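A.B. asks: This structure is in structure tokens; I'll ask about it shortly.
Protein chains: 4
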Amino acid sequence: MARNKGAKGQESRARLLAAAAEQFAGLGFYETKISSIVAQAGLTQPSFYLYFESKEAVFEELVGHFRSRLRELVASSRLESGLQPGEVNARVLGVLETLFRFFTEDPHLTRIGLFQAPQAGSIKAELAALIRDNLLEEQRSGYFRSTLDMDVVAQCFIGTLERLTFAYLSEGAGNPEQLAAQVVELFMRGMLPEK
Amino acid sequence: MARNKGAKGQESRARLLAAAAEQFAGLGFYETKISSIVAQAGLTQPSFYLYFESKEAVFEELVGHFRSRLRELVASSRLESGLQPGEVNARVLGVLETLFRFFTEDPHLTRIGLFQAPQAGSIKAELAALIRDNLLEEQRSGYFRSTLDMDVVAQCFIGTLERLTFAYLSEGAGNPEQLAAQVVELFMRGMLPEK
Amino acid sequence: MARNKGAKGQESRARLLAAAAEQFAGLGFYETKISSIVAQAGLTQPSFYLYFESKEAVFEELVGHFRSRLRELVASSRLESGLQPGEVNARVLGVLETLFRFFTEDPHLTRIGLFQAPQAGSIKAELAALIRDNLLEEQRSGYFRSTLDMDVVAQCFIGTLERLTFAYLSEGAGNPEQLAAQVVELFMRGMLPEK
Amino acid sequence: MARNKGAKGQESRARLLAAAAEQFAGLGFYETKISSIVAQAGLTQPSFYLYFESKEAVFEELVGHFRSRLRELVASSRLESGLQPGEVNARVLGVLETLFRFFTEDPHLTRIGLFQAPQAGSIKAELAALIRDNLLEEQRSGYFRSTLDMDVVAQCFIGTLERLTFAYLSEGAGNPEQLAAQVVELFMRGMLPEK
DNA sequence: CATGAATGAGTGTTCATTCAT
DNA sequence: GATGAATGAACACTCATTCAT
Chain A
1 MARNKGAKGQ
11 ESRARLLAAA
21 AEQFAGLGFY
31 ETKISSIVAQ
41 AGLTQPSFYL
51 YFESKEAVFE
61 ELVGHFRSRL
71 RELVASSRLE
81 SGLQPGEVNA
91 RVLGVLETLF
101 RFFTEDPHLT
111 RIGLFQAPQA
121 GSIKAELAAL
131 IRDNLLEEQR
141 SGYFRSTLDM
151 DVVAQCFIGT
161 LERLTFAYLS
171 EGAGNPEQLA
181 AQVVELFMRG
191 MLPEK
Chain W
1 MARNKGAKGQ
11 ESRARLLAAA
21 AEQFAGLGFY
31 ETKISSIVAQ
41 AGLTQPSFYL
51 YFESKEAVFE
61 ELVGHFRSRL
71 RELVASSRLE
81 SGLQPGEVNA
91 RVLGVLETLF
101 RFFTEDPHLT
111 RIGLFQAPQA
121 GSIKAELAAL
131 IRDNLLEEQR
141 SGYFRSTLDM
151 DVVAQCFIGT
161 LERLTFAYLS
171 EGAGNPEQLA
181 AQVVELFMRG
191 MLPEK
Chain B
1 MARNKGAKGQ
11 ESRARLLAAA
21 AEQFAGLGFY
31 ETKISSIVAQ
41 AGLTQPSFYL
51 YFESKEAVFE
61 ELVGHFRSRL
71 RELVASSRLE
81 SGLQPGEVNA
91 RVLGVLETLF
101 RFFTEDPHLT
111 RIGLFQAPQA
121 GSIKAELAAL
131 IRDNLLEEQR
141 SGYFRSTLDM
151 DVVAQCFIGT
161 LERLTFAYLS
171 EGAGNPEQLA
181 AQVVELFMRG
191 MLPEK
Chain S
1 MARNKGAKGQ
11 ESRARLLAAA
21 AEQFAGLGFY
31 ETKISSIVAQ
41 AGLTQPSFYL
51 YFESKEAVFE
61 ELVGHFRSRL
71 RELVASSRLE
81 SGLQPGEVNA
91 RVLGVLETLF
101 RFFTEDPHLT
111 RIGLFQAPQA
121 GSIKAELAAL
131 IRDNLLEEQR
141 SGYFRSTLDM
151 DVVAQCFIGT
161 LERLTFAYLS
171 EGAGNPEQLA
181 AQVVELFMRG
191 MLPEK
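In order, the protein sequences belong to chains A, W, B and S.
Here the first sequence stands for residues 1 to 195, numbered as in the UniProt record's numbering.
Here the second sequence stands for residues 1 to 195, numbered as in the UniProt record's numbering.
Here the third sequence stands for residues 1 to 195, numbered as in the UniProt record's numbering.
Here the fourth sequence stands for residues 1 to 195, numbered as in the UniProt record's numbering.
The structure is reproduced here in structure tokens:
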């Protein structure tokens, strides 16, 4: 009941997953009915259970995808130590761009992971912790003002990312790079140490 | 159907509303059952319909409360013109404190209005627009850097407020004034004009 | 709980009864709600139970009224024996007119008694039996063709009366006398003995 | 939602429809419960909704059946012109027999269509209109007395048919042909032109 | 690999009726 | 004589899930 092998089966499974993602994102968990998922995927209800254990299970699978890909992303953008002071700006810009791009890339998944999932809170908390750790390391290296509570700053970043993603990117307005630049402009003067 | 007069009736209605707010906030709309709302309120199911048209109706009433109180709050915190340059900081600080306090004051309602409601998006959009208008006026008066896109800035504020509220305040950690101060410290240097 | 005496009480009871008759006639038993009856009567629900035992009870009271008044009517129109052959026509005409008038007089009650009541069938059967008895006596007296099955004829009269009442009279079209005349014209040639 | 294809499905649907017809006819719309319909059909409640949209929908389907079959019947019994005067009697007899037979054929449906349905009034009105049109054509051809108001006559036929159907046929007493003959004997002398 | 048919369990809602005042 | 408030009992309907094929 976990992974069906044949080519046609994988195709069906993928269609179901895509339909589920779209509907969960648009309607939320409860307003999304198995009947409408399978309809969109061109299958019947029992087929659904050929590929997934339950409605909860698909939802969890989607949330899981989102969460683990997000984790990888942030992990891989860990600061290499030995950063030059002049590069801090670019570094933060890069991280923001990467996150904006990630959120824009699969909007259904993003919407599910950041809004629809009951775990949305803990996902954001986890993300915040990762970002905070990055920031703390940089702060210790003297790149950032020592008076800042990096816990708070990380939360501000998350909130900002989240809001801008939904206000602009999911509406198809603006683009990741431009938004990231504006955020950097807004935040950095408050973060860099006084000259 | 929403105007029962006697004192006892108003009491019952209030109990139902409070129970509904608590459960909606904690469990969401769908996992909240009328049966458990009335149980918490010490009544039976039919009584619920003495005071509310439907499950949707109570939910909407709560969201409506939140939305309109939020509206009033922001409207009443419009900037009086004739602000001294030195006061800008304090002004923004004040607005942030007010909003933090408002969000903390009735956590159930806040959770419903900002997360559980399908209209959460439009509520935040509305709030963003109001804040943006405030900011724009101040920008025109020269209090803020002219290169800033106040639309984006407003969204950053909303995201930040929202995130901090849920990360700290609803956990009972931190306090509105302290958080507001940190946000001001973080944002202001990026917002005030260069000397 | 049966008969409240005071003037005001009688007034209230009458208003309830009238409202009930109107609504039962128009909407039927099930679509008529106690709440709407009392609303129309300008009272509250508990007041209803001051005057009637139950919803069924009011309905029965109305049906009972109809049934007993109809009974009296037919009973009182029994043929005096010693009728002259030439008067038969006028006699039947008179009975029809009387019944048409009765049905038109209180349309709500008529609609309830002939259509809405579960006993409608037995009411019509009873009426048919009474009419049949009248007809039989006249047949025995030689006023009517001896080949006619007066049981059937009576049913034809009932059906005709009922249909014409609802097609014309309750629409405010036509009048009892004229309709009665037409029925007599249609039926009598088939009923009177061949010359 | 009304087109399930397999043989087993059609069987179930038919059983539900039959059970519904029987219970609606016997108990009326409101006293008939979905639970008892499905019980009689040997199914469970959700299965009902596999075949019908709602309780109202089955009822309407039954009424619709009745109405359209009745329409066809009357339409197909339109008078061929070129009728011989001597055949008028037989013609009317034939129509009456046909209608009596139709009403007797599916007693549940008849009871629903003529009594239980809120549209019963309009169904009878429609039937009356169709019969009146037939009669009018014959009247124009000189087969019937020109003084008769065929609108009224048609209503008399309907009432008579209805009453006799329920008084005799649904009790299993009498038979269509015999009743039709008696009606013809009663009405025709009043309808045929004076010699 | 897929489907037609069926179901268990649950939930919102309605309404006649009553209690206490 | 009347009412505000409350309730018991029921019922239609939904939906995720599962057999049997």
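Even for Gly, the Cβ is constructed at its ideal location relative to N, Cα and C.
Computed from a predicted model, the values in this text were never measured in an experiment.
(1) For the alpha helix (DSSP H) containing Q40(A), name the first residue and the last one.
(2) Hey, is P118(W)'s beta-carbon within less than 9 Å of any beta-carbon in chain A?
(3) What is the DSSP secondary structure of A117(B), counted as helix, strand or coil?
(4) Any beta carbon of chain A sitting closer than 9 Å to that of K124(W)?
(5) Would you identify the three-state DSSP class for P176(S), choosing helix, strand or coil?
(6) Rounding to the nearest angstrom, what Cα-Cα distance links A18(S) and T165(S) in this structure?
(7) I'd like to know whether the C-beta atoms of F157(A) and V183(A) end up nearer to each other than 9 Å.
(8) For a contact meaning CB atoms closer than 7 Å, what does D149(A) contact in chain W?
(9) Just checking: is the beta-carbon of F166(A) within a distance shorter than 9 Å of some beta-carbon in chain W?
(10) Please look up how many angstroms separate the CB atoms of S77(W) and T98(W), rounded, as I've assumed it's under 8 Å.
(11) Buried or exposed: which applies to P176(S), given that a residue is buried once 16 or more other Cβ atoms fall within 10 Å of its Cβ?
(12) Looking at the structure shown, is S68(B) part of a helix, part of a strand, or coil, going by DSSP?
(13) Taking only the alpha-carbon atoms, compute the straight-line gap between G94(B) and S47(S) and give it to the nearest angstrom.
(14) Give a yes or no on whether the C-beta atoms belonging to L130(S) and G190(B) are separated by under 9 Å.
(15) Determine, for V58(W), whether the minimum Cβ-Cβ distance to residues of chain A falls below 9 Å.
(16) If contact is defined by three or more beta carbon pairs under 8 Å, each pair taking one atom from either stretch, is the segment 104-118 of chain A in contact with the segment 51-70 of chain A?
(17) Quick one: residues in its chain with C-beta nearer than 8 Å to the C-beta of G159(A), no 5 flanking neighbours on either side, listed in chain order?
(18) Alpha carbons only, please: which of F102(B), Q119(B), G142(B) and E72(B) is nearest the one belonging to Q84(B)?
(19) Along chain W, which residues have their Cβ under 8 Å away from the Cβ of G121(A)?
(20) Taking 9 Å as the CB-CB limit, is L130(S) close to chain B?
(21) In chain order, what residues of the UniProt domain "HTH tetR-type" (10-70) of chain W put their CB closer than 7 Å to some CB of chain A?
(22) For the alpha helix (DSSP H) containing T98(S), name the first residue and the last one.
(23) Just the C-alpha distance for N89(A) and L136(W), rounded to the nearest angstrom, thanks.
(24) In this structure, does DSSP put T160(W) in helix, strand or coil?
(25) Please determine if the segment 28-44 of chain W and the segment 19-32 of chain B are in contact, where contact requires at least 3 C-beta pairs separated by less than 8 Å.
(26) Since L16(S) and I37(S) are thought to touch, with beta carbons under 8 Å apart, how far apart are those beta carbons, to the nearest angstrom?
(27) For E185(B) and chain S, any beta-carbon pair shorter than 9 Å?
(28) Where does S76(B) sit, in a helix, a strand or coil, going by DSSP?
(29) Which same chain residues, not among the five before or five after V58(A), have their C-beta less than 6 Å away from its C-beta?
(30) Flag this pair as yes or no: are the beta carbons of D151(S) and A181(S) separated by less than 9 Å?
(31) Run the CB neighbour count on L96(A), radius 10 Å, all protein chains shown included, and call it buried at 16 or more, exposed below.
(32) Just curious, the alpha helix (DSSP H) that P46(W) is in, first and last residue?
(33) Which residue comes first and which comes last in the alpha helix (DSSP H) that contains S12(W)?
(34) Give the interface partners of E162(A) over in chain W, defined as CB-CB distance under 7 Å, in chain order.
(35) Taking buried to mean at least 16 other C-beta atoms within 10 Å of its own C-beta, is K124(A) buried or exposed?
C.D. replies: On the basis of the supplied data:
(1) I34 to A41
(2) yes
(3) A117(B) sits in coil when the DSSP states are folded into three classes, being neither helix nor strand.
(4) yes
(5) helix
(6) 21 Å
(7) yes
(8) For D149(A), the C-beta contacts it makes with chain W under 7 Å involve Q182, in order along the chain.
(9) yes
(10) 6 Å
(11) buried
(12) helix
(13) 57 Å
(14) The Cβ atoms of L130(S) and G190(B) lie no closer than 9 Å to each other.
(15) no
(16) yes
(17) none
(18) G142(B)
(19) F166
(20) no
(21) Y30
(22) T98(S) -> alpha helix (DSSP H) spans V88 to E105.
(23) Put simply, the backbone Cα of N89(A) is about 27 Å away from that of L136(W).
(24) DSSP, reduced to helix, strand and coil, places T160(W) within a helical segment of the structure shown.
(25) no
(26) 6 Å
(27) yes
(28) helix
(29) Once the five neighbours on either side are set aside, the close Cβ partners of V58(A) are A20 and F52.
(30) With respect to A181(S), D151(S) sits apart: the two C-beta atoms are not nearer than 9 Å.
(31) buried
(32) Q45 to Y51
(33) Per DSSP, S12(W) belongs to the alpha helix (DSSP H) from A7 to E31.
(34) G159
(35) Buried, since its Cβ has 16 or more Cβ neighbours within 10 Å.
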